[in-house]
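Going down the list, the sequences are from chains Z and C.
Per the numbering used here, the first sequence starts with residue 1172, numbered consecutively.
Per the numbering used here, the second sequence starts with residue -4, numbered consecutively.
Notes follow the structure.
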Amino acid sequence: MKVDKMPLPPAQTELRATEVGLTSAAEQHRAYVQADLLIIPLIVMLFMGIFSFHFALLVGDWDYWVDWRDRRWWPLVTPLALTVLPGVFGYLLWEKLRLPLGASLTILCLTLAAWISRYLNFHLFADFPMNFVWPSTYIGLGLIIDCLLLLTRSFFWTGLFGGFAFGLLVYPLNWPLLAPFQVPVELHGTMLTVADLMGYEYIRTAIPEYVRIIEESTLRTFGEAVTPLTAVFAGFLNIMNYWFWLWIGYLGSKAIWIRKIV
Amino acid sequence: MRTLKTLLVVWLGLTALLLSHVPAAFAHGERAQMPQLRMRAVHWIDVQVSTAKLGVNDIVKISGKFMPSEYWPHHVNSIEDTAYLNIGVPGPSFVRLDSRVNGVPMIRSTSFRRGELYDFEIVLKARRPGRYHVHTVINVEGTGPIIGPGTWVEVTGDPAAFENTATTLLGQTIDLENYGFGNVKWWSALWFAMGLAWFVYWLTKCPIAIPRFKRASELGPDADQMITPMDRRMGGIFLALTLTLIAGGYVYAQEKWPITTPLQTGKIDVPPLEQPTSPVSVRLIEARYRIPGRSFRLELEVSNKGDSPVNVGEFAAGNLRFINARILNVQPRDEHDLVAPDALRVEGAPVAPGETRRVVLYADDAMWETERMTTMIASPDAVVAGLLFFFDGRGRRYMVEFGGPMIPDFGMVKT
Ligand SMILES: [Cu+2]
């Protein structure tokens, strides 16, 4: 039954209109603020939950342990998996609210969730030292995407430059955090990095040395050039990857059930 | 009120999710493994633990021998492909300072040959007080952890007193418990502050959700009008700041740590020990497991080409040890040491020099049941293997592995 469509007597209609006119501005503002207070924390928690689950599934050990962050796989797997939420929610937040927050906010939420999880589960519960299990930082990558989207106002150019930079810069962005762990040490006549040494000393019964997927590929023959080659390769791949996830966001926004909710 | 409940539910769900990502802890996985795999994977011999009680920072050594079984199951990946000598403890309650097989450091992965004998030694330094069941483990790629015997080790003392340092090849002594973390915290906090500042800038436009949604829907293709010049200026500033920080951080790291090497990986070879030729050889005639009596009956043909009569002192299978008390005195080290000191009955021995004869062994003990070895009757490949320890008149010991099909006896047929 549609109440608002029912014809009211003329006097009553007039009265209601005046009342609404008088109070609406202030009241509406208050209602909108309250909506923000509800929606924004909810979205933050949702991003924390979805993103940390997604990232644990696709990147997992590469981000858990400092002795998994190699030059070959970690900078390739990470941007490809990391672009999913920035793409999908970047599209939705820009298209529906004109907010350039999709990439930075999702990654900010992931970072917060990762630090909580590493501290509680890996450090306090499982007893690994924090310097062995710290999460990498990716917030800078999110900022690049969002700022480019704001400045170019174009998904095409954001994808081309931002998507590329997102793949390219994983390694340089993390290098000031990671470099001290790749200083060489010697153990019983074997050269290791500090990260390898920690991986050997801090016992992980379920993660023996051979399960690390690191430094494997024909690119190893390129010697010194592995890092930049991987970075450029990851960058190119990530352009398409970012566009793809934008497109998924677009499909999501067209879904009938979402239109029904909003 | 309903929204508050929704928030609470989401928050609880999120907490549960965050807490579920716990690195796999290790606790008594030995019984969960298929008995066939336990019997036919690795035989652990003479495993010694240097002390059962020690303080934080003290050393405990675990040593002994192992022999990969000739009867390694075909349906799982072989130990001859890729393997890693490991230790089974709950988390890093110890740090591993050294681990060797036949003198070769086991920092890298390796492979072991079936039927060959290997010496091992693992040196651990106690890190956290507690009582731990410490197991030897060999991880086999594609197969999983092959768990060896366990011993209770108690660590006492103050965990804060734990020290673990290393000296880099650049001559710097570092504390592995917190090395590099100050740096990680600083950069992580900086980037977090940057991301948060960007978020807060847009939050200052509050209310944002509904009004912006309405505006954007109204404007449609012209929604870009919602972006103010101030927004764009902010975008430019944040982009420039981000790129400068990435470049600056990279240059800073290159200056501060100019010498780094890639993560090290790869396999290392371990030559097996020379094994003296054994004068004793064994052929399995029949292996029967009688379920009602928890009794394992082995019928063997034993040949002795030595110069002294031999008798069976011990039968070991799947980390269970059945001792013939008339030959050998072995007592369990603790309540979970899987030694049955008087559970092996031998008929038909000793075998005289030059003689070949039928010997029947009975290994009867509740351990078959408590260690869940009885589930071997549920295997699709009912083959068992074990190690026999023969002793001659002069106290010399000969190890012989045997294996073959096993027939369960349900106690329904009179034999
Ligand atoms: Cu145990």
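Glycine included, C-beta positions come from ideal geometry on N, C-alpha and C.
Please read these numbers as outputs of a predicted model, since none were measured by experiment.
Assigned secondary structure, residue i (DSSP; H/G/I helix, E/B strand, else coil)
i	result
C/Asp404	strand
Z/Tyr1309	coil
C/Ser276	strand
C/Ile54	strand
C/Arg210	helix
C/Pro63	strand
Z/Ile1211	helix
C/Ala335	strand
Z/Ile1384	coil
C/Phe21	Note that C/Phe21 scores 48 on pLDDT, short of 50, meaning its location in the model is unreliable and no value can be drawn from it.
C/Lys180	helix
C/Ile90	Checking the sequence, you will find Val at residue 90 of chain C rather than Ile. DSSP places C/Val90 in strand when its eight states are reduced to three.
C/Asn330	Checking the displayed sequence, the identity of residue 330 of chain C turns out to be Glu instead of Asn. Of the three classes helix, strand and coil, the one that applies to C/Glu330 here is coil, per DSSP.
C/Arg352	strand
Z/Thr1277	helix
C/Glu366	coil
C/Leu258	coil
Z/Phe1404	helix
C/Tyr247	helix
C/Gly215	helix
C/Asp170	strand
Z/Lys1425	helix
C/Arg392	strand
Z/His1200	helix
C/Met37	Per the sequence shown, residue 37 of chain C should be read as Val rather than Met. Strand.
C/Thr163	strand
C/Ser73	coil
Z/Gly1420	helix
C/Leu49	strand
Z/Phe1288	The amino acid occupying residue 1288 of chain Z in the given sequence is Ser; Phe does not appear at that position. In this structure, Z/Ser1288 counts as helix in the three-state DSSP scheme.
Z/Val1397	helix
C/Val346	strand
C/Gly435	This structure cannot speak to residue 435 of chain C, because chain C is shown only from -4 to 410.
C/Ile83	Note on identity: in this sequence residue 83 of chain C is Gly, with Ile being the wrong assignment. Correct three-state label for C/Gly83: strand.
Which residues DSSP lists as bridging residue i, in chain order
i	result
Z/Leu1363	Z/Val1356
C/Glu309	C/Ile318 and C/Phe384
C/Arg397	It is worth fixing the name first, because residue 397 of chain C is Phe in this sequence and not Arg. DSSP, once it has assigned bridges, lists C/Gly381 as partnering C/Phe397.
Z/Val1259	DSSP, once it has assigned bridges, lists no residue as partnering Z/Val1259.
C/Gln43	C/Ser58
C/Ala358	C/Phe291 and C/Leu339
C/Arg283	C/Arg292 and C/Ile402
C/Ala78	C/Thr105 and C/Val135
Z/Gly1370	DSSP output for Z/Gly1370 lists no bridge partner at all.
Z/Asn1412	Paired residues: none, contrary to the question.
C/Asn299	C/Val275
Contact test: residue i Cβ vs ligand 2 heavy atom, cutoff 7 Å
i	result
C/Gly86	Here the bound small molecules are ligand 1; ligand 2 is not part of this structure.
- Task: Run through the stretch 92 to 161 of chain C for me and flag every whole beta strand (DSSP E) of 3 or more residues, listed as ranges in chain order.
- Result: 113 to 121, 125 to 135 and 139 to 151
- Residues of the stretch 174 to 207 of chain C with Cβ closer than 7 Å to any Cβ of chain Z, in chain order: Tyr174, Gly175, Phe176, Asn178, Val179, Trp182, Ser183, Trp186, Phe187, Met189, Gly190, Leu191, Trp193, Phe194, Trp197, Cys201, Pro202, Ile203, Ala204, Ile205, Pro206 and Arg207
- Output the residue ranges of the alpha helix (DSSP H) runs that lie fully inside the stretch 1295 to 1348 of chain Z and measure 4 residues or longer, sorted by chain position. 1301 to 1304, 1310 to 1323 and 1335 to 1339
- the stretch 1264 to 1280 of chain Z touching the stretch 174 to 183 of chain C, judged by at least three CB pairs closer than 8 Å: no
- Message: If contact is defined by three or more beta carbon pairs under 8 Å, each pair taking one atom from either stretch, is the stretch 105 to 113 of chain C in contact with the stretch 58 to 75 of chain C?
- Response: yes
- Are the stretch 365 to 377 of chain C and the stretch 279 to 286 of chain C touching, with three or more C-beta to C-beta distances below 8 Å? yes
- Message: By the 7 Å beta-carbon criterion, what residues does the stretch 125 to 153 of chain C contribute toward chain Z?
- Response: Val132, Asn134, Glu136 and Pro140
- Message: Three Cβ pairs or more, each shorter than 8 Å: is that satisfied between the stretch 142 to 155 of chain C and the stretch 306 to 313 of chain C?
- Response: no
- With 7 Å as the limit, tell me which residues of the stretch 1396 to 1412 of chain Z have their beta carbon closer than that to any beta carbon of chain C; keep them in chain order. none
- Query: Unbroken alpha helix (DSSP H) runs of length 4 or more, entirely within the stretch 1215 to 1254 of chain Z: which are they?
  - Reply: 1232 to 1235 and 1245 to 1253
- Message: Taking 8 Å as the cut-off, does the stretch 1379 to 1388 of chain Z touch the stretch 1234 to 1244 of chain Z (at least 3 CB pairs, one atom from each stretch)?
- Response: yes
- Message: At a CB distance below 8 Å, what residues from the stretch 25 to 54 of chain C approach chain Z? Give them in sequence order.
- Response: none
- Query: Residues in the stretch 1346 to 1359 of chain Z with C-beta within 7 Å of chain C's C-beta atoms, listed in sequence order?
  - Reply: Trp1346, Pro1347, Leu1348, Ala1350, Pro1351, Phe1352, Gln1353, Val1354, Pro1355, Val1356, Glu1357, Leu1358 and His1359
- Residues of the stretch 1305 to 1324 of chain Z whose Cβ lies closer than 8 Å to any Cβ of chain C, in chain order: Trp1305, Pro1306, Thr1308, Ile1310, Gly1311, Gly1313, Leu1314, Ile1315, Asp1317, Cys1318, Leu1319, Leu1321, Leu1322 and Arg1324
- Message: Using a Cβ-Cβ cutoff of 8 Å, what residues of the stretch 1247 to 1277 of chain Z are near chain C? List them in chain order.
- Response: Glu1266, Lys1267, Leu1268, Arg1269, Leu1270, Pro1271, Leu1272, Ser1275 and Leu1276
- Message: Within 8 Å, do at least three Cβ pairs link the stretch 1316 to 1330 of chain Z to the stretch 1409 to 1425 of chain Z?
- Response: yes
- Item | Segment contact, 8 Å Cβ cut-off, at least three pairs: the stretch 162 to 173 of chain C with the stretch 53 to 63 of chain C | no
- Taking any Cβ of chain Z, which residues in the stretch 219 to 237 of chain C have a Cβ under 7 Å from it, in chain order? Asp219, Met221, Ile222, Asp226, Arg227, Gly230, Gly231, Phe233, Leu234 and Thr237
- Is the stretch 1346 to 1358 of chain Z in contact with the stretch 1220 to 1228 of chain Z, if contact means three or more CB pairs nearer than 8 Å? no
- Task: Determine, using beta-carbon pairs with one atom in the stretch 1397 to 1411 of chain Z and one in the stretch 1329 to 1346 of chain Z, whether at least three such pairs fall under 8 Å.
- Result: yes
- Item | Residues in the stretch 273 to 296 of chain C having any Cβ partner in chain Z nearer than 7 Å | none
- Message: I'd like to know if the stretch 289 to 296 of chain C and the stretch 251 to 271 of chain C are in contact, where contact means that at least 3 CB-CB pairs between them fall below 8 Å.
- Response: no
- For the 8 Å Cβ check, are there 3 or more pairs between the stretch 125 to 144 of chain C and the stretch 78 to 85 of chain C? yes
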